[in-house]
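**Q** Just so you know, the sequences run in chain order Y and F. Numbering follows our numbering, in which position 229 of the first sequence is assigned residue number 229; successive positions increment by one, without gaps. Numbering follows our numbering, in which position 171 of the second sequence is assigned residue number 446; successive positions increment by one, without gaps.
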Amino acid sequence: MLELKGLEKTYLKHTVNEHRALRGIDLQIADGEFITVIGSNGAGKSTLFNAVAGTFFCERGRIVLDGRDITYVREHRRARQISRIFQDPMKGSAPGLTIAENIALAYARGENHLFSFALSRRKLELFRDCLAQLNMDLENRMNTRMGLLSGGQRQAVTLLMATIHTPRLLLLDEHTAALDPLTAERVLEMTRSIVAERNITTLMITHNINAALSTGSRTLMMEQGQIILDLEGGTRDAMSVPDLLAVYREKCGKALDNDRMLLDNEQNMDVHGSE
Amino acid sequence: MAFFLDSVQLGLEYALMAVGVFITFRILNIPDLTVDGSFTLGIVISSVFAVGGHPFAGLLLALLGGALAGTVTGLLHTRAHIHPILAGILTTYGLYTVNIKILGGPNLSLLNSKKFFDVITAAFPSMSRSAAQAIAIIVVCAAVVVILNLFFKTVAGLCIQATGNNEEMVRASSINTAAVKVGTFALANALVALSGGLLAQYQGFGDVSSGSGMVVIGLASVIIGEVLFGHRSILIGLISAVCGCVIYRIIIALALHYNLFSANALKLLSAVIVAATLSVPPLKGWIAGRLARRGA
Numbered sequence: 001m002l003e004l005k006g007l008e009k010t011y012l013k014h015t016v017n018e019h020r021a022l023r024g025i026d027l028q029i030a031d032g033e034f035i036t037v038i039g040s041n042g043a044g045k046s047t048l049f050n051a052v053a054g055t056f057f058c059e060r061g062r063i064v065l066d067g068r069d070i071t072y073v074r075e076h077r078r079a080r081q082i083s084r085i086f087q088d089p090m091k092g093s094a095p096g097l098t099i100a101e102n103i104a105l106a107y108a109r110g111e112n113h114l115f116s117f118a119l120s121r122r123k124l125e126l127f128r129d130c131l132a133q134l135n136m137d138l139e140n141r142m143n144t145r146m147g148l149l150s151g152g153q154r155q156a157v158t159l160l161m162a163t164i165h166t167p168r169l170l171l172l173d174e175h176t177a178a179l180d181p182l183t184a185e186r187v188l189e190m191t192r193s194i195v196a197e198r199n200i201t202t203l204m205i206t207h208n209i210n211a212a213l214s215t216g217s218r219t220l221m222m223e224q225g226q227i228i229l230d231l232e233g234g235t236r237d238a239m240s241v242p243d244l245l246a247v248y249r250e251k252c253g254k255a256l257d258n259d260r261m262l263l264d265n266e267q268n269m270d271v272h273g274s275e
Numbered sequence: 276m277a278f279f280l281d282s283v284q285l286g287l288e289y290a291l292m293a294v295g296v297f298i299t300f301r302i303l304n305i306p307d308l309t310v311d312g313s314f315t316l317g318i319v320i321s322s323v324f325a326v327g328g329h330p331f332a333g334l335l336l337a338l339l340g341g342a343l344a345g346t347v348t349g350l351l352h353t354r355a356h357i358h359p360i361l362a363g364i365l366t367t368y369g370l371y372t373v374n375i376k377i378l379g380g381p382n383l384s385l386l387n388s389k390k391f392f393d394v395i396t397a398a399f400p401s402m403s404r405s406a407a408q409a410i411a412i413i414v415v416c417a418a419v420v421v422i423l424n425l426f427f428k429t430v431a432g433l434c435i436q437a438t439g440n441n442e443e444m445v446r447a448s449s450i451n452t453a454a455v456k457v458g459t460f461a462l463a464n465a466l467v468a469l470s471g472g473l474l475a476q477y478q479g480f481g482d483v484s485s486g487s488g489m490v491v492i493g494l495a496s497v498i499i500g501e502v503l504f505g506h507r508s509i510l511i512g513l514i515s516a517v518c519g520c521v522i523y524r525i526i527i528a529l530a531l532h533y534n535l536f537s538a539n540a541l542k543l544l545s546a547v548i549v550a551a552t553l554s555v556p557p558l559k560g561w562i563a564g565r566l567a568r569r570g571a
């Protein structure tokens, strides 16, 4: 259970460039919920994730995870319970280390055996089994440097790393946006199955409105640092992409200006059209 | 031949300093200028304790002193957010006073004091003093390389490598990267100070100015090692830092032997070696760009 109460964050406070990125976010997320988050550029989606992950502390508001107030818990401490994947496949792993070493680091999360061998035989077998589930033949390339993998492969391994110990909360920040459409669909499918299998509470930012409505159980729309729409259940099931765009126009008095969002929907139609 | 063996031994005496530089410069990816100060700190601590009749305690405390110096630089960098280069300069500058205070003057002779390698001559009375000295330094260097190689295979060692590679990802793995950096600075400078401590007992005197320019010698050694062995693994890296340091000494000894240049030119030459080697990758890129443009 994650609770956000009145979160506020302002960048460059008291300057002419002052920007109120979060303007009072209130949100309750039940265990096992899979929430998708959409919104135009600069709506505060990534800022919200940064706030929850602890990249910075908010000026106002509380963050409560499983009844524990983590508002002022530092980022690396929160990381024991909160996993995060970024849009840039390069961000989530160390390119100079091997696949096995990267997974070993993620596996060390929460374990306090600093001086145990990172790649014991027992761990290597475990990593091999996990990698085999990705169906990318990576289990036979465990000593390959991460930097030599493709973006899709890296993002798949990052997903494995983020969930090797089941996190209390999984934050996905457009984690398929930098991949080509087919790979993106594959990584998204992997994400859906892992999240469902282990019932992980998940927040996923996406610019793909189709995916936002078809993935998970609840959809949030953000605009100017606020949550302007919270869809779930029957209302959400009945909502189509044009409906959602219309709602946005009505609420904000302008069209959804995320160019990538529109481009991607066209691409998706192409992909689906050719299938 | 004798002068060749002498420079190999001298190289090994400095080798752990080069290994320390390798750890910060290549593994953690942050150049650390504390080396000049912590090397001298090792010299003065080891000298003072050797004169007092405790050569082993001298080496151990040199190790700890170096770790403390590294911790100061690490904290200045991670807590006070001072640029690592400036943090190292500040620590070194401050250490100058500390070093003179510990030594009680600018230099100290250890001529008649017990040294740590006397243990070997005591155990094997038939062995010559120089053989005992050589064996002692080889054993110390080998032991340090083996221990470090094991350490870098542990989770903690992996954290250091990853922090030098992608800090953000390490933080996301719930590891405190600030602590990792402070720990690495401490480890590296402990080795540097140990090297200074060994050197003081070998050369039979301690001098507060022997550390100046040490970081450049360390970098030169690391780079020479890399040119010869390439960067492949941690173990190869550690060994190549040791070998690079030995080869550096041999080059210098050869040049001096054949009067290629005066001893005064050493520092300039070292600086040129480091600067030239570090500028090879961008130079390669520039040449490749030129060739591509001509081809187009």
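All C-beta atoms, glycine included, are put in the ideal place defined by N, C-alpha and C.
1) Kindly indicate which three-state DSSP category residue 1/Y falls into: helix, strand or coil?
2) Identify each residue in the region 86-114 of chain Y for which the Cβ-Cβ distance to at least one residue of chain F is less than 7 Å, and report them in chain order.
3) Between residue 287/Y and residue 119/Y, what straight-line distance do the alpha-carbon atoms span, to the nearest angstrom?
4) Tell me whether the beta-carbon of residue 428/F lies closer than 8 Å to the beta-carbon of residue 353/F.
5) What residues from the region 440-452 of chain F come within 8 Å of chain Y, judged by C-beta to C-beta, listed N to C?
6) Report yes or no: is there a C-beta of chain F within less than 8 Å of the C-beta of residue 49/Y?
7) Spatial neighbours of residue 271/Y within its chain, please: C-beta separation below 8 Å, excluding the five flanking residues on both sides.
8) DSSP state of residue 221/Y, grouped into three classes?
9) Checking contacts by CB at 8 Å: is residue 430/F closer than that to chain Y?
10) From the DSSP output, in three-state form, read off residue 137/Y for me.
11) Ignore the nearest five residues each way along the sequence and tell me which others in residue 267/Y's own chain have a CB closer than 6 Å to its CB.
12) Output the boundary residues of the beta strand (DSSP E) element that contains residue 231/Y.
13) If I'm right that residue 337/F touches residue 320/F with Cβ under 8 Å, what's the distance once you round it to whole angstroms?
14) Our contact map puts residue 324/F next to residue 333/F with C-beta atoms below 8 Å; I'd like the distance itself, whole angstroms only.
15) Kindly say whether residue 433/F, judged by its beta-carbon, lies nearer than 8 Å to any beta-carbon of chain Y.
16) Would you say residue 452/F lies against chain B (beta-carbon separation less than 8 Å)?
17) DSSP three-state call for residue 60/Y: helix, strand or coil?
18) Between residue 27/Y and residue 9/Y, is the Cβ-Cβ spacing less than 8 Å?
19) Starting from the Cα of residue 64/Y, find the closest Cα among 6/Y, 252/Y, 219/Y, 192/Y and give me that residue.
20) Once you ignore the five residues that flank residue 241/Y on each side, which residues in its own chain have a CB closer than 8 Å to its CB?
21) In the region 363-412 of chain F, which residue ranges form an unbroken beta strand (DSSP E) of at least 3 residues, counting only runs that do not cross its ends?
22) Quick check on the DSSP output: the alpha helix (DSSP H) that includes residue 90/Y runs from which residue to which?
23) Using a Cβ-Cβ distance cut-off of 8 Å, determine whether residue 126/Y contacts chain F.
24) Name the chain F residues that come within less than 7 Å of residue 175/Y, Cβ to Cβ?
25) Does DSSP put residue 284/F in a helix, a strand or coil?
26) Do residue 368/F and residue 520/F count as a contact pair if the criterion is CB distance below 8 Å?
27) Shorter than 8 Å from the beta carbon of residue 46/Y to some beta carbon of chain F?
28) Threshold first: 4 residues or longer. Then list the alpha helix (DSSP H) segments lying entirely within the region 158-220 of chain Y, N to C.
29) List the residues of chain F that residue 119/Y touches, going by C-beta distances under 9 Å, in chain order.
30) The alpha helix (DSSP H) with residue 76/Y in it runs from where to where?
31) Less than 6 Å between C-beta atoms, sequence neighbours within five positions excluded: which residues of the same chain meet that for residue 465/F?
32) Counting only C-beta atoms, is residue 168/Y closer than 8 Å to chain F at any point?
33) For residue 503/F, which residues in the same chain have their Cβ closer than 8 Å to its Cβ, ignoring the five residues on either side in sequence?
34) What's the gap between the Cα of residue 441/F and the Cα of residue 302/F?
35) Residue 75/Y CB to nearest chain F CB: under 8 Å?
36) Whose C-beta lies closer than 6 Å to the C-beta of residue 507/F among residues of the same chain, with five residues either side of it excluded?
**A** Taking the structure as given:
1) Taking the first residue of the first sequence as 1, we reach residue 1/Y at position 1. Reduced to three states, the DSSP call for residue 1/Y is coil.
2) 91, 92, 93, 94, 95, 96, 97, 101, 104, 105, 106, 108, 109, 110, 113, 114
3) Residue numbering for chain Y in the displayed model covers 1 to 275; residue 287/Y lies beyond these limits and cannot be assessed.
4) Within the second sequence, residue 428/F is the residue found at index 153, counting from 1. Within the second sequence, residue 353/F is the residue found at index 78, counting from 1. No. Outside cutoff.
5) Those residues of the region 440-452 of chain F placed with their C-beta closer than 8 Å to a C-beta in chain Y are 440, 441, 443, 444, 445, 446, 447, 448, 449, 450, 451, 452, ordered along the chain.
6) For the purposes of this step, residue 49/Y is taken as residue 49 along the first sequence, with counting starting at 1. So, not an interface residue.
7) Here the question's residue 271/Y lines up with position 271 in the first sequence. Below a pLDDT of 50, predicted positions are generally treated as unreliable, and residue 271/Y, at 42, falls in that range; the measurement from the model is reported next regardless. Closer than 8 Å at Cβ, skipping near neighbours: 181, 182, 185.
8) Position 221 of the first sequence, counted from the first residue, corresponds to residue 221/Y. The answer is strand: DSSP assigns residue 221/Y an E or B state.
9) As a working mapping, residue 430/F is identified with position 155 in the second sequence. Yes, its Cβ sits closer than 8 Å to a Cβ of chain Y.
10) Along the first sequence, one-based indexing puts residue 137/Y at 137. The answer is coil: DSSP assigns residue 137/Y none of H, G, I, E or B.
11) Your numbering for residue 267/Y matches position 267 in the first sequence. Residue confidence for residue 267/Y is low, a pLDDT of 46 falling below 50, so the modelled location carries little weight and cannot support an answer.
12) Against the first sequence, residue 231/Y aligns to sequence position 231. Counting along the chain, the beta strand (DSSP E) containing residue 231/Y begins and ends at 226-232.
13) Residue 337/F sits at position 62 when you count from the first residue of the second sequence. Residue 320/F sits at position 45 when you count from the first residue of the second sequence. Indeed, because the Cβ distance is near 4 Å, the residues count as touching under 8 Å.
14) In the second sequence, residue 324/F corresponds to position 49, counting from 1. In the second sequence, residue 333/F corresponds to position 58, counting from 1. Confirmed, Cβ separation roughly 3 Å.
15) On the second sequence, position 158 is the one that residue 433/F refers to. At least one chain Y Cβ lies under 8 Å of residue 433/F.
16) Here chain B cannot be found, since the structure's protein chains are Y and F.
17) As a first step, residue 60/Y must be located in the first sequence, where it is residue number 60. In this structure, residue 60/Y counts as strand in the three-state DSSP scheme.
18) In the first sequence, the residue the question calls residue 27/Y occupies position 27. In the first sequence, the residue the question calls residue 9/Y occupies position 9. Cβ distance not < 8 Å, so residue 27/Y and residue 9/Y don't count as in contact.
19) The residue you call residue 64/Y lines up with position 64 of the first sequence. With respect to the C-alpha of residue 64/Y, the residue from 6/Y, 252/Y, 219/Y, 192/Y having the closest C-alpha is 6/Y.
20) Position 241 of the first sequence, counting from 1, holds the residue named residue 241/Y. Only 209, 210, 213, 265 meet the Cβ criterion.
21) 382-384
22) Translated into positions along the first sequence, residue 90/Y becomes position 90. No alpha helix (DSSP H) holds residue 90/Y; DSSP gives it neither H nor E.
23) Indexing the first sequence from 1 puts residue 126/Y at position 126. No, because no Cβ of chain F sits closer than 8 Å to the Cβ of residue 126/Y.
24) In the first sequence, the residue the question calls residue 175/Y occupies position 175. By Cβ distance, chain F contributes nothing, its closest Cβ being about 13 Å from residue 175/Y, past 7 Å.
25) Here the question's residue 284/F lines up with position 9 in the second sequence. If DSSP states are grouped into helix, strand and coil, residue 284/F belongs with the helices.
26) Here residue 520/F corresponds to residue number 245 of the second sequence, with the count starting at 1. Here residue 368/F corresponds to residue number 93 of the second sequence, with the count starting at 1. No. Outside cutoff.
27) To locate residue 46/Y, count along the first sequence from 1; it is residue 46. So, not an interface residue.
28) Taken in chain order, the whole alpha helix (DSSP H) runs of length 4 or more contained in the region 158-220 of chain Y are 181-198, 209-214.
29) Here residue 119/Y corresponds to residue number 119 of the first sequence, with the count starting at 1. Here the neighbours are 428, 433.
30) Taking the first sequence and counting its residues from 1, one reaches residue 76/Y at position 76. Run containing residue 76/Y: 75-78, per the alpha helix (DSSP H) assignment.
31) Taking the second sequence and counting its residues from 1, one reaches residue 465/F at position 190. Once the five neighbours on either side are set aside, the close Cβ partners of residue 465/F are 338, 341, 342.
32) The residue you call residue 168/Y lines up with position 168 of the first sequence. Not one chain F Cβ lies under 8 Å of residue 168/Y.
33) Locating residue 503/F in the second sequence gives position 228, counting from the first residue. Closer than 8 Å at the Cβ level, and outside the excluded window around residue 503/F, lie 515, 518, 519, 522.
34) In the second sequence, the residue the question calls residue 441/F occupies position 166. In the second sequence, the residue the question calls residue 302/F occupies position 27. Roughly 12 Å between the two C-alpha positions.
35) As a first step, residue 75/Y must be located in the first sequence, where it is residue number 75. Yes - at least one Cβ of chain F is within 8 Å of the one on residue 75/Y.
36) Here residue 507/F corresponds to residue number 232 of the second sequence, with the count starting at 1. Cβ neighbours of residue 507/F beyond the five flanking positions: none.
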